[in-house]
Amino acid sequence: MEQIIANGLYLGAQYALIALGLTLIFSLMNVLNFAHGQMYVFGGFVTYTVVVQLGLPFIVGLFASAIVLAVMGAAIEKFLFAPVVRRSKRDESTMLLAAGIAFFLDAVILLFFGEKQRGVPKIVNGVLNLDMRIIMPYDRILIGVLAILLIVAFIAFMHYSRTGRAMRALAQDKVAAQLMGVNVSRYSMIGFALGAMLAGLVGGLLVTITGVNLGMGGPTSVKAFLMIMIGGAGVISGAIAGGFILGMMESVGLTVLSAYGDITYLVIFASLMVFLAVRPQGLMGKPWG
Amino acid sequence: MQKRTFLKFSALAAATVLSLPLMAYAQNATLKIGFVGVTSGPAASWGVSNQRSMETRAAWLNELGGVKIGDKTYNIEIVPFDDQKDPKRAIAGMEKMAQDGVHYVVGPNVDDGAAAVRPVAEQNGIMYFPYAFPKELFTAPASNAILGMVANYQSGPAIYKFLKENKGVKKVAFVAANESDPLSQRESGIAAAEALGLEVVSGNVTYQVDTTDFTPVLLPVIQASPDLLVLSGVSPANAPQLIRSARELGYTGLISTETGQDASVLQEGAGELADGFISVGGASTPELASETMTEFVDRYTKMFGEYNDESNTKVYALEYILETLKANPAAIENVDEFKKTMDTFEAANPFMKGDAKLKYVGMTSFGQKRQVSVPLVVNEYKGGKFETLFVGQVD
Amino acid sequence: MIGKKLLGFIAFLVVVFVLVPLFISATGRWDFFYTLTSVALLSVGAAGVWLTFYIGRINIGQGAYALIGGYVSTILVTQANVSFWLTLPLAGLFCAIISVAIGFPILRLRGVYFAMVTLVLTEVARLTALALPITNGAKGITSIPLPGELSIFGLTIIPAFGTLSNPRFGFYIMAVLLMIITYLVLWRIVNSRLGHLCRSLQQNEELSASIGVNTAYLRVLAYAISSFFGGIAGAMFASIAQSIYPSSFVVADSVNFMLYCFLGGLGYVFGPMLGTLLLYFGWDLLSIAREYQLLIYSGVMILLMLVLPNGVLSLLDKKEGSR
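Here is the structure:
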């Protein structure tokens, strides 16, 4: 039992961090960023390159991937999303652009980093074993704690910094925020960069545990979508809740349903559909986000 | 303005596409060999290693002056097609091969693609070498598919038997991704284990291929306390994570798989936790590799920056095609001749030390010779390298 | 005006039934038959997705219905010996019925929520196909016979495909016919009272409900028609591949259906057809670029979006210009 909860918490922390970046971008621009998973993979590969190929310390790799992704995010927003959003008749049109960017990043990752699964060697060795009731390797605990710290830092940033407040205002009411003197295009760019940076950071953190390969992007995006749907799209607390709930669902579901084997994921996905049909705006979302 | 930019841009795109360099060799005739498989997306590793080993070998042969088949010398040109692991695209790829006059194709890499291209291959006289295991592809009335590797229903029993006799394995557990290929492999693996009198303690746990944390997946499996954990049809991306999670949960028994793996991927992903991991590979362990194999690895590394151990098995298909054509030059344009030659064909295996032979096998499994004879090399991973555990044969 | 449209329609018929086959036999590019067959069938599926866009819903679940349609037709053909031509509408109907049951609760959702549920639906369909005994699970169904003869009162309408010297051509004709019928139906719907009502849903659902439009019924109806299209496209594909697996239609296919609609233009009935042609055919043509195929493909996609954010067909809007 304890083990299941520990697994769920660890999964939830990493999921929540992925979902945060996605939901931030969605709340600011109403863009469902299909390329989020690819950004995460890209971050993982940057960290891998810095740590394994160049032999620099892990923390440098983490910073490198945060910076690279932030710059990439800002550029994507300024040169691709902003012009399209300005000129398209329907908001959804950005989905094609996002999907195109996802394919493009996939191609770039394949050309730059190759087709193989990559991983950074463990940063801490050893396994925590509380008389066989909870087994948790130290590196997982470290990554889990780091992820939670990042989440806390992100929330604090959104609440107390000037930039964070401006972005929250934008997410709540674009027109009103604009009238109050918030520079929409500037903060959209910052928000996108921040979201991409979060994706890069998770990629950098997880490359030490799960490794990274070019195929992970698409499925990761889909998973992140699920999380923000559970919690409510565009709501930061919702993304965190969604991440932890999905983590718990997988952990509990896999154990409880293991006797039925093949249908475990069928049950998980089907119950998600039922949940969303019953509560269309997720747990704490604005209706009709 | 919009329209003009658009036109300009499309003209530019067209020009870029058309001006891509085409390989041309003036003196020799060209023999085109096709590849239809997945070289992008999650499973890219399978197809990329395939395509690259073909390209490496082709470049090497061309550098030596081409391949003499009958009284003509040919340069080998590889025609690749990325099917994105989509059976609908695979059909399009096979159609394109037929269009280009290609009669010998390597691939596809997965079950559904291999089944989908069958009508096209049979209508157009194409022999293809899928890396997929469904028996109906290779048993009559199907006749154009040749299995390019050892199937798991052939290697599995050999591995389990070896482990039962030498390591005292009694209880086996199976884990598989919830996709067609791994699930089919799990099913035949369980059947093989039960036939040997082993007890299957867990055989229905599955995982999504995009899982990032395997601890919850493996928890119930490890609690069943098996002596041997079989990762059915595991992809090279998932293998290190599964091994690591199992070990970190305190599992001390054996772990094995019937698919090919890459040593450096295991090293990076699981480190010393992967020691003792048993997998199936080709002939690149130092005990077996001939000088040709070593040179192949060198050339591959030089051409593409890094070798992929999955190519140990994948180097063979092209060699079989060329050697069989040499044995019967009439087969270049006529696959029926190829099929005739297959029954009696035999040539030296250049990639292995000793007097190993290239020949077609499969009578036991398929009732006709529709499989390349690749040595069944069972490896054990140790300290960043593979060591040969034992070598078997398929008939 | 009507005359102009009719003329355009006849020109289109001439192109697909006369000029394209002539071009193929003149150049000898026989492989184009299959590619164009795929384009025609995928655009049938995309037409369905477009219709759900028309009522203001982003549908990323068409792959699920294509898969269901494929399995329904295959199972009827292989286990009950039903003629393939009969299973084609049956597969569509089955999908329509399923979609009513699924659509009734989920069509209350909007925007990204609806999109995500449909995305999950594709995965649910794949996992169901893996788990059910009737679909033969992971092993799929292979060696499906080619379509047989279709005759009414002893008069052969469609010959058995097994006897054709070139079944590819047969499939091409059938697929294109299917596509033409689909788009005629779609065009008819859009220009009928139903179409106007759908448009009112797209613009403001509450408003149209308040003036007495039965929005729930309308949504389910549009979704059922959409799924019908998906089902017949899937059934035809299974017959061409003579095999079907749970992975025959996956999330990537669902996403692609949606992308075809975007690229062609959401405001144009023939948008999805053009979008499918450009994206699917483009990928095939780009295969000569080898390892740069995906890079060029996605690069072109991004550029197209930058230049024409409202779809390729927005080139035709002369009056409006850029907003």
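Chains as they are written, first to last, in our numbering: chain B, 7 to 295; chain R, -15 to 379; chain L, 11 to 333. Glycine included, every Cβ here is placed at the ideal spot set by N, Cα and C.
- Cβ-Cβ distances below 7 Å link proline 224 (chain R) to Val249, Leu250, Gly253, Ala254 and Ala258 in the same chain, with the five nearest sequence neighbours on each side left out; the list follows chain order.
- Against chain L, the CB of phenylalanine 118 (chain B) has no partner CB under 8 Å away; the residue lies outside that interface.
- A straight line joining the alpha-carbon of leucine 296 (chain L) with that of glutamine 303 (chain L) spans about 6 Å.
- Leucine 202 (chain R) is not a Cβ neighbour of leucine 215 (chain R), given a cutoff of 8 Å.
- Residue pairing by DSSP places glutamine 355 (chain R) opposite R:Leu131 and R:Val345 in a beta bridge.
- When 8 Å is used as the limit between beta carbons, glycine 147 (chain L) is near these residues of chain R: Leu167, in chain order.
- Under DSSP, threonine 372 (chain R) forms a beta bridge with R:Asn363.
- Our two residues, serine 164 (chain R) and glutamine 123 (chain B), have alpha carbons roughly 21 Å apart in a direct line.
- With a cut-off of 8 Å on Cβ pairs, the region 228 to 235 of chain L is not in contact with the region 46 to 55 of chain L, counting fewer than three such pairs.
- What aspartate 137 (chain B) touches in chain R, judged by beta-carbon distance under 9 Å, is nothing: the nearest beta carbon there is about 12 Å away.
- Within the model, the alpha-carbon separation for isoleucine 167 (chain L) versus tryptophan 197 (chain L) is close to 26 Å.
- Taking a beta-carbon distance threshold of 8 Å, glycine 150 (chain L) counts as an interface residue toward chain R.
- DSSP lists B:Val133 as the bridge partner or partners of proline 143 (chain B).
- Beta-bridge analysis with DSSP links tyrosine 88 (chain R) to R:Met111.
- Using a Cβ distance threshold of 8 Å, threonine 97 (chain L) and serine 83 (chain L) count as a contacting pair.
- Going by DSSP, tyrosine 235 (chain R) is part of no alpha helix (DSSP H) at all; its letter is neither H nor E.
- Between the region 113 to 125 of chain R and the region 266 to 281 of chain L, the count of Cβ pairs shorter than 8 Å is below three; the stretches do not touch.
- The Cβ neighbour count for glycine 367 (chain R), taken over all protein chains shown within 10 Å, is under 16; the residue is labelled exposed.
- In the structure shown, the three-state DSSP call for alanine 104 (chain B) is helix.
- Residues of chain R with a Cβ closer than 9 Å to the Cβ of tyrosine 227 (chain L) do not exist; the shortest Cβ-Cβ separation is about 35 Å.
- Assignment of beta strand (DSSP E) within the region 173 to 235 of chain R, counting only whole runs of 3 or more residues, yields 183 to 191 and 212 to 216 in chain order.
- In the DSSP assignment, alanine 126 (chain R) is bridged to no other residue.
- Closest by C-alpha distance to tyrosine 270 (chain L), out of L:Gln89, L:Ala262, L:Val261 and L:Thr286, is L:Thr286.
- At a cut-off of 8 Å between beta carbons, proline 89 (chain B) makes no contact with chain R.
- Glycine 248 (chain B) carries a helical assignment under DSSP once its states are collapsed to helix, strand and coil.
- Secondary structure of glutamate 159 (chain L) (DSSP, three-state): coil.
- In this structure, threonine 40 (chain R) places its C-beta atom within 8 Å of the C-beta atom of tyrosine 284 (chain R).
- Buried is the label assigned to lysine 128 (chain B), since at least 16 other Cβ atoms lie within 10 Å of its Cβ.
- Nearest in C-alpha terms to lysine 80 (chain R), of all of L:Ile199, L:His206, L:Leu32 and L:Thr45, is L:Thr45.
- Around the beta carbon of histidine 87 (chain R), 16 or more other beta carbons sit within 10 angstroms, so the residue counts as buried.
- Look at leucine 119 (chain L) here: in three-state DSSP terms it is coil, with no helix or strand label.
- Using a CB distance cut-off of 8 Å, glutamine 89 (chain L) does not count as an interface residue toward chain R.
- Against chain R, a Cβ distance below 7 Å from proline 143 (chain B) picks out Glu232.
- For a Cβ distance threshold of 9 Å, nothing in chain R lies close to leucine 289 (chain L): the least Cβ distance comes to about 12 Å.
- Taking a C-beta distance under 8 Å as the contact criterion, isoleucine 254 (chain L) and glycine 150 (chain L) qualify as a contact pair.
- The beta-carbon of proline 256 (chain L) is placed less than 8 Å from the nearest beta-carbon of chain R.
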